[in-house]
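A quick write-up on the structure given underneath.
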Amino acid sequence: MDDKSNIRETIISKALALFSAKGYEGVSVSELTEASGITKPTLYYYFGSKEGVFEAVSQSYYNQLNAVITKNIEYKPNTEDYFEDIYPTLTRVTSAYFSFAKANEAFYRITLANWSMPRSSTVFKVVEKYHFKQFDIIDSMFKKMGAVHGNLKGKSKTLAWTFIGTINSYISLYYSGITGQVFNEKTVKQLVHQFMHGIFA
Numbered sequence: 018m019d020d021k022s023n024i025r026e027t028i029i030s031k032a033l034a035l036f037s038a039k040g041y042e043g044v045s046v047s048e049l050t051e052a053s054g055i056t057k058p059t060l061y062y063y064f065g066s067k068e069g070v071f072e073a074v075s076q077s078y079y080n081q082l083n084a085v086i087t088k089n090i091e092y093k094p095n096t097e098d099y100f101e102d103i104y105p106t107l108t109r110v111t112s113a114y115f116s117f118a119k120a121n122e123a124f125y126r127i128t129l130a131n132w133s134m135p136r137s138s139t140v141f142k143v144v145e146k147y148h149f150k151q152f153d154i155i156d157s158m159f160k161k162m163g164a165v166h167g168n169l170k171g172k173s174k175t176l177a178w179t180f181i182g183t184i185n186s187y188i189s190l191y192y193s194g195i196t197g198q199v200f201n202e203k204t205v206k207q208l209v210h211q212f213m214h215g216i217f218a
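For what it's worth, the working numbering labels the leading residue of the sequence shown as 18, then goes sequentially.
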């Protein structure tokens, strides 16, 4: 990795920690430069603005998250066996979310906050495309399931948002530590059973 890449990655790393702790609006350019050990002209050279830094952080980590999800959405119908049909796909995807959230807590805390940002905000304008990319990935999974299960047909969009929302609720509880929530196989199964009983009701 060359010096320019090192500087860029350092800024992204320090910015991630600051944005996670204080939110986008709570972080100043001065804080970003001080934490990164650079000058303001250097930050502007690499990213153009604070928004540019946030865009770089978002692009890097959302792309990683969406790639992980994409790797786990393959659906192979087996309508004769409940535990070999939809269940394993939802289990894999849930596990992938949990693993990513555990390994990238600073970033995932940002994503949880981003979901409720006003549409007019700088943050929403930056992350909207990444959120909808994630939605499209999960939506495509449920469309394939709907082609096999008639009761799911035409519901993929609602199912996608509900599934992501359920996962994010579990992750929020894990981060809060209030409920003693943990990420393990039992929790994954609990979430998937809860979700599937709802959609098949």
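We put the CB at the ideal spot given by N, CA and C, even for glycine.
Within 10 angstroms of the beta-carbon of residue 170 lie fewer than 16 other beta-carbons, which makes it exposed. By the neighbour-count definition (other C-beta atoms within 10 Å, threshold 16), residue 31 is a buried residue. With at least 16 other beta carbons inside 10 angstroms of its own, residue 53 counts as buried. Residue 207 sits exposed, since fewer than 16 C-beta atoms from the chains shown fall within 10 Å of its C-beta. Its Cα nearest to that of residue 192, the residue 128 stands out among 139, 94 and 128. For residue 164, the secondary structure class from DSSP, reduced to helix, strand or coil, is coil. Taking the CA atoms as reference points, residue 135 sits about 12 Å from residue 143. Closest by C-alpha distance to residue 86, out of 198, 213 and 108, is 108.
A distance of 8 Å or more separates the beta carbons of residue 114 and residue 195.
Between the C-alpha atoms of residue 210 and residue 140 there is a straight-line separation of about 34 Å.
When DSSP states are grouped into helix, strand and coil, residue 44 belongs to the coil group. Around the CB of residue 111, 16 or more other CB atoms lie within 10 Å, so the residue is classed as buried. Excluding five sequence positions before and after residue 48, the CB atoms of its chain that fall closer than 7 Å to its own CB belong to 35, given in chain order.
In this structure, the CA atom of residue 146 is about 27 Å from the CA atom of residue 103. The residue from 91, 39, 26 and 69 with its alpha-carbon nearest to that of residue 161 is 91.
About 17 Å separates the beta carbon of residue 83 from that of residue 174, a gap too long to meet the 8 Å contact definition. A Cβ-Cβ distance of about 24 Å is found for the pair residue 118 and residue 28, leaving them out of contact under the 8 Å criterion.
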